[in-house]
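As you go down the protein sequences, you meet chains E and X in turn.
Quick note, in the working numbering, the first sequence goes up one by one and the last residue is 539.
Quick note, in the working numbering, the second sequence goes up one by one and the last residue is 1078.
Worksheet: one structure, shown below.
Number of protein chains: 2
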Amino acid sequence: MFNCLVKNMLERAVKLYPNVEITDRKPSGERFSYTYKDMHKRICRLANVLGDLGIKSGDGNMGDRIGVVAWNNHRHLELFLGVPMFGAVFHSLNVRLSLDHLSYIINHAEDEVIFCDPDFLPLFEAMEDRIANVQHFIIMTDEDKLPETKLSPVSSYEDLLSQASPEYTFPDFDENTPMAMCYTTATTGRPKGCVYTHRMQYIHALTAVAIGGANDKSIQMSMVPMFHMLGWGAPYFCTWFGMKQALTGRHPDVATFAKLIEEEKATDVMGVPVLARALLEELRTGKYDYSSLQRFVAGGSAPDLALIKGYEDLGIDFRQGYGMTETAPLITLSLIKGPLEGLPTEKKQELKRKGGLIPPCLEWKVLNEKGGEVKWDGKEIGQLAVRGPWVIEEYYKEPEKTAECFKDGWLYTRDMVTVDEEAYISVVDRAGDLIKSGGEWISTLDLDDYIMRHPAVLEAATIGVPNPRWDERPVSFVVLRPESKGKVTGDEIKRFLLDEVKVAKWWIPDEFIFVDEIPKTAAAKFDKKTLREKYAGEG
Amino acid sequence: MFNCLVKNMLERAVKLYPNVEITDRKPSGERFSYTYKDMHKRICRLANVLGDLGIKSGDGNMGDRIGVVAWNNHRHLELFLGVPMFGAVFHSLNVRLSLDHLSYIINHAEDEVIFCDPDFLPLFEAMEDRIANVQHFIIMTDEDKLPETKLSPVSSYEDLLSQASPEYTFPDFDENTPMAMCYTTATTGRPKGCVYTHRMQYIHALTAVAIGGANDKSIQMSMVPMFHMLGWGAPYFCTWFGMKQALTGRHPDVATFAKLIEEEKATDVMGVPVLARALLEELRTGKYDYSSLQRFVAGGSAPDLALIKGYEDLGIDFRQGYGMTETAPLITLSLIKGPLEGLPTEKKQELKRKGGLIPPCLEWKVLNEKGGEVKWDGKEIGQLAVRGPWVIEEYYKEPEKTAECFKDGWLYTRDMVTVDEEAYISVVDRAGDLIKSGGEWISTLDLDDYIMRHPAVLEAATIGVPNPRWDERPVSFVVLRPESKGKVTGDEIKRFLLDEVKVAKWWIPDEFIFVDEIPKTAAAKFDKKTLREKYAGEG
């Protein structure tokens, strides 16, 4: 039977779009560009390098794991495609993990080789004695000379490529061969490994384009680090559909993103809400021509209404995506359904804020505490369970954690959601974060959103704390904007929530704790576990 | 592992688009409409009916075959979805086949049950004694009383459904379970069976939408009979993506199509060039509001430039699709690539006339007589070979024919094509129709197109005839428009080809034979085999 393999993506790009560009920012800041044709030759060289290093490919079973940590650059993209096409497993390392977790996952995945940008060498030097399984470090730099390092053995990516043949015939193999893996950014316990097969990413990429509406006229510039959930799949679907890819290079800041949109005429941008907000403010300065920009997809956490409205006021279609490492990553996208197209703009923006729709291919159910399906009223809360062609069915080498989260092929997401009459799914909270106060649910995510609508508030994170009368009550940590520090009180925020946002009285947090910063997880989300520990320690 | 099954399509439509309409024209001409929610209930009833009839479902292997022949109507759509979801095989019968071929395929497929519209009963009555394998005939009619027939046993679709329970849980099974089959409309020898699995149609539908750009705002009205290559896949992808479907009912004529576009606000229409041409003339009368119409996809044979320009002058994006029964059916679609978007309109229309691009998923090569790949110059001719997730890998129970056309998983299409510098594939001719004159190729399809550009010509079909000096020479059969009959000579057409179309002198047919009609195959293509026999018999 025909096998659905990642190689079809690059091979199609080379045949149909040989001269379409991939651009990058060199560490020097200069623009770099080459074409799919150029990239294909280098990926052939890369495959020969992997063979020379003794890397073993898989066929139904798992090939050797290749750890990779890099900025969003063209060499990173080469590894995204080349490692799977060779038959090995691209292990994307999230540099925002703690050293403990990073060394743990490198060991747990048994990475044979690490490819890394020079900026990340200190990370590996700091845990050198803890990752003895790594046989080889390959440094990706523009410089002729490699940086000084105590790691060994070390080679230069460019040297190895230049010595390798540009001819390589990528083999066929079983489509269920693993092509990549990511670990979850666990807030409790160890990160868990999610292994993706060729078939999974193949069907995921087709679906992402089928619902997203991008095509070979699109120009993608992602603010999402490629080490976050495979860059949300963009390296695959952009290549397959012949899109121009504008990569953002080393240490990009918001001005870099805005400038790239102008210079590369980006049509599609993806990013987390925090960066989306910063980019919006940058675009509003009027310093950039962003007329090419058609769509913004935000994911990672929920966007607020002001953000959605802000983009759409500039004529940019704003969409909220929701996903997980376990689903590589797509679960919902906040498209406006055909039958709702006639709604007023504000209603549509409210829908986009609330959540999104399940795409074709995924099966889903939302189960309440009794194990029954919730009512589709936008109110009853239940846990979302999904299964489908790109949803993993186990954690890598973790039978116990697998048994906790998977049952009969279904992934129990631990995300608590509501479903409205039109099947829009809204994430209310993580299972552990939701507050039960006097027998009723309070969503900390909603409260965070409401508090952040106050003009003086930069960030807000709410947790539940034990309460003798109500079982649990909300307490919010608040970061004020620099100019408002010391000038806004908890009472003022309480008044704002009651009078302006019209929050129910019993939802109002018992306490507002002003802090300089909210701790974040490696996925850039508020780290509520640390906040709870902090509160318990001080309380 | 998760199985990719047709049931996801309907289940998604019911959950996300319960109230989106499917409309139909009753035999009385009245409008009929119901929703995905209504249809789902009836399909549950249908599954119970199939179970009661003793139909066996498959799981990896082949379930029982259900023969179906009907107009494009809602019951037909129910069978498209319900039979595969039950686990049986939807055998789509092309009523344009000869009785010999029709009875042959019903026997060869071993159809257990036949579902048919009353209009097609005489077909089955005429071959009753030749299809003894059929256990049951189920007639789909709006009338309370079944029409008189000598077929037996006979039941009413509506009666059976009304007696069945509306509750049914569609099972999971192996995605490689056959879900449908079609036979080729062979011009030589017996029709050959092509069996499609759930997985094949699933990936085909995703890809069709990913490249085609339709979405849940689209309203599909197809002029393609649903018994032609599964209606080009529309029943599946339209349902999956929640599109409104406007079905055309019994004996639709061109005025019906034009009226439906206006009444149902169709955005997408599909059809063969002959009907496309008729519809264009109808729309041009100014009697209809066709402002909703965005896209026209033509397939089955090559559209001419005037047709493409005609639609695009009305603001409708015209696309040429090319496919085969063996590929269920998509092989190419004439999209304008991103990098060519800036070409002048005439150049883009010329590209659309020439051919199309291979979509994601398919692998392809074009081999010349020496077995090497042709040069991508738009000139060198070779045979197209394809493989991919929706390409069959054998003919049903035909090991010899399978060995002729398939090798190492590749389908050798017998279509002779060129590839231009931009990878646009143009079908020059069927392997047997291409003319080799004095060592050089002449495309009869191109000649047909050139001759049909003459304003007095309605149809033209060219064949190669033996010639002692040049091996082969072209001879053209020509049908003139009624008002031009007897007024246009072969010399006039010859002059037109030389002076207006600028056809090379050695391509000019040796003879123009004026006829009242060109014989057609069951796929509505010019039947060149019959023309060759006719010429040989008369020559």
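Beta carbons are placed, not taken as given, at the ideal position from N, Cα and C, and that holds for glycine.
Q) Nearest chain E C-beta to residue 910/X closer than 7 Å, yes or no? A) Interface flag for residue 910/X against chain E is unset, since no Cβ pair is found closer than 7 Å.
Q.
Using a Cβ-Cβ distance cut-off of 7 Å, determine whether residue 553/E contacts chain X.
A. Given a span of 1 to 539 for chain E in the structure shown, any question on residue 553/E remains unanswerable.
Q: Could you spell out where the alpha helix (DSSP H) holding residue 934/X opens and where it closes?
A: Run containing residue 934/X: none; DSSP gives neither H nor E here.
Q) If we call anything under 7 Å between Cβ atoms a contact, is residue 40/E one with residue 65/E? A) For the pair residue 40/E and residue 65/E, the CB atoms are not nearer than the 7 Å cut-off.
Q) Measuring CB to CB, does residue 272/E end up less than 7 Å from residue 524/E? A) In this structure, residue 524/E lies closer than 7 Å to residue 272/E by Cβ.
Q: Compare the C-beta of residue 962/X against all C-beta atoms of chain E and say whether one is closer than 7 Å.
A: Judged by the 7 Å Cβ criterion, residue 962/X is in contact with chain E.
(Q) Between residue 382/E and chain A, is the shortest Cβ-Cβ distance under 7 Å, so that the two count as touching? (A) Structure shown: chain A not included; protein chains present are E and X.
Q) Under a CB-based cut-off of 7 Å, is residue 360/E close to chain X? A) True, the Cβ-Cβ gap to chain X drops below 7 Å.
**Q.** Residue ranges of each beta strand (DSSP E) within the stretch 447-521 of chain E, 3 or longer
**A.** Every beta strand (DSSP E) stretch that sits fully inside the stretch 447-521 of chain E and reaches 3 residues is listed by chain position as 457-467, 471-480, 511-514.
**Q.** Beta-carbon proximity of residue 730/X to residue 870/X, cut-off 7 Å
**A.** For residue 730/X and residue 870/X, no; Cβs fall outside 7 Å.
Q) Who are the near neighbours of residue 60/E in its chain, counting only those whose CB is closer than 8 Å to its CB and skipping five residues on each side? A) Scanning its chain for C-beta atoms nearer than 8 Å, with the 5 sequence neighbours on each side dropped, one finds around residue 60/E the residues 173, 174, 176, 177, in chain order.
(Q) Just to make sure I have the definition right: I need the residues of chain E whose C-beta is within less than 8 Å of the C-beta of residue 928/X. Which are they? (A) Under the 8 Å cutoff, chain E gives 2, 4.
Q. If you measure from the beta carbon of residue 755/X to each beta carbon in chain E, is any gap under 7 Å?
A. Interface residue (Cβ-Cβ distance to chain E less than 7 Å): residue 755/X is classified as such.
Q. Residue 554/X versus chain E: which residues are under 7 Å apart at the beta carbon?
A. The contacting residues are 423.
Q: Could you tell me whether the Cβ of residue 240/E comes closer than 7 Å to any Cβ of chain X?
A: Contact with chain X is found for residue 240/E, since one of that chain's Cβ atoms lies less than 7 Å from the residue's Cβ.
Q. From residue 786/X to residue 798/X, what distance separates their C-alpha atoms?
A. Taking the Cα positions, residue 786/X is about 12 Å away from residue 798/X.
Q: Could you tell me which chain E residues have their CB closer than 7 Å to the CB of residue 749/X, listed as they occur along the chain?
A: Within chain E, the C-beta atoms nearer than 7 Å to that of residue 749/X come from 206, 209, 210, in chain order.
**Q.** Short-range partners of chain E found in the stretch 854-886 of chain X, where Cβ spacing is below 7 Å
**A.** Per Cβ criterion, the list reads 876, 877, 878, 880.
Q: Measure from the alpha carbon of residue 946/X to the alpha carbon of each residue in 956/X, 959/X, 954/X, 931/X, then state which is nearest.
A: Taking each of 956/X, 959/X, 954/X, 931/X in turn and checking the Cα distance to residue 946/X, the smallest one comes out for 931/X.
Q: Give me the Cα-Cα distance between residue 800/X and residue 595/X, rounded to the nearest whole angstrom.
A: Rounded to whole angstroms, residue 800/X to residue 595/X spans 40 Å at the Cα level.
Q) Anyone know if the C-beta pair for residue 990/X and residue 981/X falls short of 7 Å? A) Going by beta carbons, residue 990/X and residue 981/X fall outside the 7 Å limit.
**Q.** Chain-ordered neighbours of residue 559/X on chain E, where CB pairs are closer than 8 Å
**A.** Close partners of residue 559/X in chain E (Cβ separation under 8 Å): 338, 339.
Q: My understanding is that residue 427/E touches residue 355/E, with C-beta atoms under 8 Å, so please give their C-beta distance in whole angstroms.
A: Yes, they are in contact, since the Cβ atoms of residue 427/E and residue 355/E sit about 6 Å apart, within 8 Å.
**Q.** Three-state class that DSSP yields for residue 944/X in the structure shown
**A.** Of the three classes helix, strand and coil, the one that applies to residue 944/X here is helix, per DSSP.
**Q.** Whether residue 431/E touches residue 410/E by CB criterion (7 Å)
**A.** No, they are not a contact pair.
Q. How far does the beta strand (DSSP E) with residue 385/E in it reach, from first residue to last?
A. That run of the beta strand (DSSP E) goes 382-387.
Q.
Suppose you measure from the CA of residue 182/E to the CA of residue 112/E; what does that come to, to the nearest Å?
A. Cα atoms of residue 182/E and residue 112/E: separation of roughly 16 Å, rounded to the nearest angstrom.
Q) Which residue or residues does DSSP assign as beta-bridge partners of residue 68/E? A) DSSP output for residue 68/E lists 92/E, 115/E as bridge partner(s).
**Q.** Pairwise C-alpha distance: residue 511/E and residue 469/E
**A.** Between residue 469/E and residue 511/E, the C-alpha separation is close to 16 Å.
Q. What are the complete alpha helix (DSSP H) segments, minimum 4 residues, inside the stretch 879-912 of chain X?
A. Correct list: 884-893.
Q. At a CB-CB cut-off below 8 Å, which residues of chain E make contact with residue 902/X?
A. For residue 902/X, the neighbours in chain E by C-beta distance under 8 Å run, in chain order, 8, 11.
Q | Residue from 952/X, 857/X, 755/X with nearest C-alpha to residue 341/E | A | Per the Cα distances, 755/X.
Q | For residue 817/X, the nearest candidate out of 803/X, 847/X, 789/X, 806/X (CA to CA) | A | Among 803/X, 847/X, 789/X, 806/X, the Cα nearest to that of residue 817/X is on 847/X.
Q: Scan the stretch 41-75 of chain E for residues whose Cβ lies nearer than 8 Å to a Cβ of chain X and list them as they occur along the chain.
A: Of all residues in the stretch 41-75 of chain E, none is placed with a Cβ closer than 8 Å to any Cβ belonging to chain X.
Q. Going by beta carbon distance, what residues of the same chain come within less than 6 Å of residue 130/E, once the five residues before and after it are set aside?
A. Excluding positions up to five away in sequence, the list reads 103.
Q: Check whether the Cβ atoms of residue 926/X and residue 2/E lie closer than 7 Å to each other.
A: In terms of Cβ geometry, residue 926/X and residue 2/E form a close pair [threshold 7 Å].
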